[in-house]
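A.B. asks:
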Amino acid sequence: RIPVHMIDVLSKLRQAQKKLTQQLRREPSCEELAEYTEVAVEEVRRVMDIGRHPVSLDRPVGEGEDSSFGEFIESSDSENPVRCAGNGMLRDKIDELLQTLTFREREIIRLRYGLVDGYSYTLEEVGRIFKVTRERVRQIEAKAVSKLQSPSRVQRLDGFLREAA
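Under our numbering, think of the first position of the sequence shown as 706, with each following residue one higher.
1) Which two residues bound the contiguous alpha helix (DSSP H) that contains Ala847?
2) For the region 801 to 815 and the region 838 to 847, state whether three or more C-beta atom pairs, one from each stretch, are separated by less than 8 Å.
3) Could you please give me the residues that DSSP links to Val766 through a beta bridge?
4) Rounded to whole angstroms, what is the Cα-Cα separation between Pro765 and Leu820?
5) Contact defined as beta carbons within less than 8 Å: I believe Lys798 pairs with Arg858. What is the distance between those atoms, to the nearest angstrom?
6) In angstroms with no decimal places, state the Cα-to-Cα distance between Arg817 and Gly823.
7) Let me know if Val709 comes out buried or exposed under the rule of 16 or more other beta-carbons within 10 Å of its beta-carbon.
8) What are the boundary residues of the alpha helix (DSSP H) that Gly819 is part of?
9) With distance defined between alpha-carbon atoms, name the residue in Gly793, Asp754, Val850 and Leu828 nearest to Ile712.
10) Closer than 6 Å by C-beta to Cys735: which residues in its own chain qualify, once you throw out the five before and the five after it? Chain order, please.
11) Between which residues of its own chain and Thr742 is the CB-CB distance below 8 Å, once the five residues before and five after are set aside?
12) Could you check if Ile834 is buried or exposed, using at least 16 other CB atoms within 10 Å of its CB as the buried criterion?
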């Protein structure tokens, strides 16, 4: 079991190691790490040695042993709540804008840009759905995009567009 304070020291040493590696263009020695972090050389060696051994994610951390390493690792699958809320608001604004188009224009845009199921349909696939040629789909799409690019409609997305820039 590794005490929590040792994990903090190990983290500090690894950050220092990265910085020194960039500065020196080589791996720093324990002495250099000790000097940079103001930690005793023996402590640097001991902590770095601990860091080299793989540790189970289920291994208890801390005094009470009621938490494990795995609990402190953020899932890469989990989405940032702020970004998730922003995406939801953007989706709502886009739907609001699409409502200003005719039914056919709206559905063609949704299909062509993957707003229905995440799949971007080809001109030919959309043409089959609406029983028109792919050239007609292209024309309707171009007209709809032109409408969506009008200043009054673009202004509705202003806050989202400034954040993306």
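The C-beta atom is built at its ideal place from N, Cα and C for all residues, glycine as well.
All figures in this text were calculated on a predicted structure; none of them were measured in a lab.
C.D. replies: Put simply:
1) In this chain, the alpha helix (DSSP H) harbouring Ala847 covers Arg839 to Leu853.
2) Yes, the region 801 to 815 is in contact with the region 838 to 847.
3) Answer is Ser772.
4) Using only the alpha carbons, I get a separation of about 45 Å.
5) Your pair Lys798 and Arg858 does not check out as a contact, with CB atoms roughly 10 Å apart and the cut at 8 Å.
6) About 10 Å.
7) With fewer than 16 other Cβ atoms within 10 Å, it is exposed.
8) Careful: Gly819 lies outside any alpha helix (DSSP H) and carries neither H nor E.
9) Selected option, being the one with the closest Cα: Asp754.
10) Answer for Cys735: Val746, Val749 and Arg750, listed in chain order.
11) Once the five neighbours on either side are set aside, the close Cβ partners of Thr742 are Lys717, Leu718, Ala721 and Val749.
12) Exposed, because fewer than 16 other Cβ atoms sit within 10 Å of the Cβ of Ile834.
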